[in-house]
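Structure first, commentary second.
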């Protein structure tokens, strides 16, 4: 703790200018950072692609109003001096600044199904969520599992200082040439040890490798359903690998899979409950399916990111797309009666619209108290860093 105070005090005295008569320091060389690069491309693919291309940055700056807007943002940050909270707040995009940038994004930029402008808006909103939640202490939508948690002011200041230093240190392939906010947001997540969004990539390898190999030889016409989607119910007790409801879900899935109507079980659930748990729910469900019920490993797909029921379905839809399951083929959701009833309800449909902005698929017939049909939607492929732990 004493060392950290010394470092912070030193930061307040730094001016960045060489001493009188001292030779100018050479320009720092930009080095690659594997973690920062992966996180940047996962959370902010459009802004990262533009920011890493000098020609694309130059073209964007040449658009009406962009250079002046970016200069105003840089000036606002400079005016903060060494006030770290002020710097974090200065990097937040105002609605007018966001509108100016979004309006200048080329329409042919790589983006999701709803276009480059919508993708750019989501990414700017995502930057703001990270800055406010992990830098300025704003309470997240789900405070029990999201955000930075309860940390003391000294640690908050250390994370802000580290983010400020990292943002001013060149990184190869970064968006720093466009604006410092993206790099500051990435640094805040890294300083908070919340690089959850890339923790299990690539999903086509590791525990899923055997299932993906099998999918490449599959005759999908043989099957009634593309997959059984097994949703999570996270434990609330520390050091509990699988909740009581989770154990019930696993048995339901094993029994339903044994009827032979689908080639895969997608187990979906991340490291969400309780906060900072070391267990990934999907991995625990996979282990139980194999060890307790003898389900073949190449019939199980682990989706280890979802933190909510909304994203259980969204991420399962993404997994099916990655598998190249036929578009329009129906999947089967299996879960406990209470969760099943909730998924079928109008309230859940509205929750999807509120939190995701779309329905991750069409919830169809409820075949039994524990089974619902589900047809994935292509909108589920949209990257949304407004949930920076599972975009």
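Numbering (my numbering), first residue to last: 1 to 391. Backbone N, C-alpha and C fix where the C-beta goes; we use that ideal spot for every residue, glycine too. In this text, all values refer to a predicted model and were calculated from it rather than measured experimentally.
Check your understanding: residue 90 to residue 296, Cα distance in whole Å?
Key -> Answer to the nearest angstrom: the Cα atoms are 53 Å apart.
Practice item. Starting from residue 373, follow its DSSP beta bridges and name the residues at the other end. Key: 332
Point to revise | alpha helix (DSSP H) segment containing residue 251, residue limits | key: 244–257 is the span of the alpha helix (DSSP H), which, as asked, contains residue 251.
Check your understanding: Which first and last residues belong to the beta strand (DSSP E) in which residue 164 is found?
Key -> Careful: residue 164 lies outside any beta strand (DSSP E), inside the alpha helix (DSSP H) at 153–167.
Review point. In this structure, what does DSSP give as the bridge partners for residue 268?
Key: 303
**Study point:** Ranges of the beta strand (DSSP E) found wholly within the region 79–131, counting only runs of at least 3
**Key:** none
Point to revise | Distance between residue 39 and residue 256 (C-alpha atoms, nearest Å) | key: Approximately 37 Å between the Cα atoms of the pair.
Review point. Mapping DSSP to helix, strand and coil, what is residue 176?
Key: Coil, per DSSP.
Review point. Where does residue 229 fall in DSSP's three states?
Key: strand
Check your understanding: Looking at the structure shown, is residue 365 part of a helix, part of a strand, or coil, going by DSSP?
Key -> In the structure shown, the three-state DSSP call for residue 365 is strand.
Practice item. State the start and end residues of the unbroken alpha helix (DSSP H) segment that holds residue 346. Key: Residue 346: member of the alpha helix (DSSP H) spanning 346–355, first to last residue.
Practice item. Identify which residue in 271, 264, 381, 52 has its Cα closest to the Cα of residue 146. Key: If you compare the alpha carbons of 271, 264, 381, 52 with that of residue 146, the shortest gap goes to 271.
Practice item. Alpha carbon to alpha carbon, how far is residue 124 from residue 98? Give it in angstroms, no decimals. Key: 7 Å
Review point. What separation, rounded to the nearest whole angstrom, lies between the Cα atoms of residue 13 and residue 81?
Key: Confidence in residue 13 is poor, its pLDDT being 34 and thus under 50, which makes the residue's placement too unreliable to answer from.
**Study point:** Pick from 336, 61, 343, 141 that is closest to residue 359, judged by C-alpha positions
**Key:** 343
Review point. On the three-state DSSP scale, how would you describe residue 171?
Key: In the three-state reduction of the DSSP assignment, residue 171 falls in the strand class.
Review point. When the cut-off is 8 Å and only beta carbons count, does residue 369 lie next to chain B?
Key: In the structure shown, chain B does not exist; there is a single protein chain.
Review point. If you draw a straight line from the alpha carbon of residue 294 to that of residue 267, how long is it in whole angstroms?
Key: 15 Å
Check your understanding: Whose C-alpha, out of 311, 62, 300, 96, is nearest the C-alpha of residue 211?
Key -> 300
Review point. Within this structure, are the beta carbons of residue 43 and residue 304 separated by less than 8 Å?
Key: no
Point to revise | Residue span of the alpha helix (DSSP H) that contains residue 339, given as start and end | key: 337–343
Exercise for review: Would you check if the distance between the CB atom of residue 189 and the CB atom of residue 139 is smaller than 8 Å?
Suggested key: Not a contact, by the Cβ cut-off of 8 Å.
**Study point:** Rounded straight-line distance, which links the Cα of residue 375 to that of residue 382
**Key:** 17 Å
Point to revise | Inter-residue CB distance, residue 332 and residue 373 (contact presumed, cutoff 8 Å) | key: So it is a contact: roughly 6 Å between Cβ atoms.
Practice item. Taking residue 293 as part of the alpha helix (DSSP H), name the residues at either end of that continuous run. Key: Residues 281–293.
Point to revise | Cβ shell of residue 67 (< 8 Å), same chain only, five flanking positions each side left out | key: 61
**Study point:** Distance, residue 225 Cα to residue 326 Cα
**Key:** 10 Å
**Study point:** According to DSSP, residues forming a beta bridge with residue 57
**Key:** BP columns for residue 57 are empty, so no partner.
Review point. Beta-carbon separation of residue 69 and residue 107 under 8 Å?
Key: no
Point to revise | Option nearest residue 369 by Cα separation, candidates 336, 117, 354, 351 | key: 336
Point to revise | Where the alpha helix (DSSP H) through residue 276 begins and ends | key: Run containing residue 276: none; DSSP gives neither H nor E here.
Review point. Just to confirm, are residue 111 and residue 46 a CB contact at a threshold of 8 Å?
Key: If you check the CB distance, residue 111 and residue 46 come in under 8 Å.
Exercise for review: Consult DSSP for residue 383 and reduce its assignment to one of helix, strand or coil.
Suggested key: coil
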